[in-house]
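Chains as they are written, first to last, in the numbering used here: chain L, 526 to 751; chain Y, 526 to 751.
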């Protein structure tokens with residue numbers, strides 16, 4: 526790993542998602558800390574396509590399935606298991622379904638198969654502020670109780686990232702990770718979330734749609750020291 | 526349509542989801558008002574498998590994709606479009622991402638392709654009560670502003686169904702539908718949600734896993750008049 530970056534594989538419409546993703550990974554190799562696929566890719570490529578993509582990632586790369594799961598426990602487990610069987614190691618879920626009959630089931634399942642739960646605590650779109658931001662502290666403590674690997678907090682709103690880090694510092698698991706989307710195309714500058722307390726920044730189109738993803742990543746992260 | 530029921534196609538693990546679903550639909554035909562697939566089925570069967578399932582549903586059947594979408598607008602549209610292209614007419618999304626940069630984008634997309642948005646306002650698992658139930662009225666009015674086709678409210682908690690119907694009665698769209706899961710395996714009795722103000726009840730395993738789904742549906746709904 527050269528940069529604390531997770532690259533979001535969001536294939537353009539009309540392109541074969543598997544071929545496109547493999548080409549991006551071939552260009553970037555081990556420079557990012559990991560790669561992230563979303564629900565649209567999993568639905569379009571299927572578990573077999575998602576597995577083909579995971580198979581070309583470097584062994585040490587984080588393999589994040591950004592499924593934004595938000596259902597009752599048994600249904601989330603069924604969806605998550607498709608990603609886990611395809612080789613993904615980290616699964617993102619929402620907090621609003623609560624623990625009982627929801628997140629606890631998912632956390633237990635993921636622990637049992639050696640995968641990690643990543644809990645979303647807020648989102649980057651303006652509408653999300655209304656509901657999510659009332660419960661940031663509560664969601665972090667929920668994650669802490671469940672022993673989650675980490676949290677997703679938006680790079681576009683660094684004060685949320687700082688808040689999550691503050692609450693984590695007083696929690697039983699202060700070293701839990703913070704992963705922050707919103708760098709590049711969504712408007713935030715490289716390193717902004719890291720400076721606010723995140724461990725990884727998520728970068729998508731501004732790297733993956735460049736002619737050379739490798740050069741784009743170097744230009745974004747190599748020239749702006751933290 | 527003989528009964529105001531939407532049958533949830535939740536294939537057992539280890540069975541081919543397409544073959545299994547088609548067999549269930551062949552048994553039930555036009556007796557239920559519609560059929561619902563979930564995210565696990567869409568992920569495992571892929572868009573092609575989901576399309577094969579939709580193609581055997583009677584023409585008048587509601588075709589519900591219970592994706593529980595909960596992401597920023599552009600990502601929800603990508604996932605929803607996979608279901609729409611596979612022939613599904615109704616897409617279920619969460620309310621917590623809010624309207625701006627979230628639900629408005631999805632509502633506009635679905636309207637543009639002639640499909641319907643169904644907004645989840647609460648869930649059946651115990652943990653969901655904590656967050657969802659604070660915002661029931663607000664979520665119904667959000668849906669009303671967006672012109673949604675209907676709402677999902679849990680049959681297991683009929684007072685929530687009644688509340689949604691009350692708020693709808695004072696809204697600009699009092700005839701919006703209410704769809705209620707939780708009948709049968711999840712514990713609620715047939716007609717309980719309809720009596721509380723729902724338009725459709727969602728039934729899954731207690732019908733689909735019976736030797737004859739048709740007989741099971743008749744036994745559940747035919748013998749208990751409303």
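Don't be surprised by glycine CBs; every beta carbon is placed ideally from N, CA and C.
{"query": "Burial state of residue 615 of chain L, where buried means 16 or more other Cβ atoms lie within 10 Å", "result": "buried"}
{"query": "Chain L contact for residue 679 of chain Y (CB, 8 Å cutoff)", "result": "no"}
{"query": "Close Cβ partners of residue 703 of chain Y (< 7 Å) along its chain, the five nearest in sequence each way excluded", "result": "675, 676, 678, 686, 689, 690, 722, 723 and 724"}
{"query": "8 Å Cβ cutoff, residue 710 of chain Y in contact with chain L", "result": "no"}
{"query": "Distance between residue 540 of chain Y and residue 548 of chain Y (C-alpha atoms, nearest Å)", "result": "12 Å"}
{"query": "Proximity below 8 Å, CB of residue 742 of chain L to CB of residue 557 of chain L", "result": "yes"}
{"query": "Contacts that residue 607 of chain Y makes with chain L (C-beta to C-beta distance below 8 Å)", "result": "565, 568 and 569"}
{"query": "Residue 590 of chain L - DSSP class collapsed to helix/strand/coil", "result": "strand"}
{"query": "Inter-residue spacing [alpha-carbon to alpha-carbon] between residue 729 of chain L and residue 533 of chain L", "result": "5 Å"}
{"query": "Boundaries (first-last residue) of the beta strand (DSSP E) holding residue 727 of chain L", "result": "725-728"}
{"query": "Rounded separation between residue 658 of chain L and residue 593 of chain L - CA only", "result": "17 Å"}
{"query": "Residue from Y:578, Y:715 and Y:627 with nearest C-alpha to residue 601 of chain Y", "result": "Y:627"}
{"query": "Beta-bridge partners of residue 719 of chain Y, as assigned by DSSP", "result": "Note: residue 719 of chain Y sits in no beta bridge, so no partner."}
{"query": "At least three beta-carbon pairs within less than 8 Å, the region 632-642 of chain Y to the region 603-617 of chain Y", "result": "yes"}
{"query": "Expected contact under 8 Å - CB spacing of residue 673 of chain L and residue 642 of chain L to nearest Å", "result": "5 Å"}
{"query": "Nearest-angstrom Cα separation, counted from residue 719 of chain Y out to residue 699 of chain Y", "result": "16 Å"}
{"query": "Where the beta strand (DSSP E) through residue 599 of chain Y begins and ends", "result": "Looking at the DSSP string, residue 599 of chain Y is not in any beta strand (DSSP E); the run it does join, the alpha helix (DSSP H), is 598-610."}
{"query": "Residue 558 of chain L - DSSP class collapsed to helix/strand/coil", "result": "strand"}
{"query": "Runs of beta strand (DSSP E) lying entirely within the region 600-667 of chain L, each at least 3 residues, in chain order", "result": "615-618 and 641-645"}
{"query": "Interfacial residues, the region 531-563 of chain Y to chain L, with Cβ spacing under 9 Å", "result": "535, 538 and 563"}
{"query": "Interface partners of residue 676 of chain Y on chain L, CB under 9 Å", "result": "Under the 9 Å cutoff, chain L gives no residues; its nearest Cβ is about 16 Å from residue 676 of chain Y."}
{"query": "Residue of Y:680, Y:560 and Y:697 minimising C-alpha distance to residue 804 of chain Y", "result": "The structure shown does not extend to residue 804 of chain Y, since chain Y is modelled only from 526 to 751, so the question has no answer here."}
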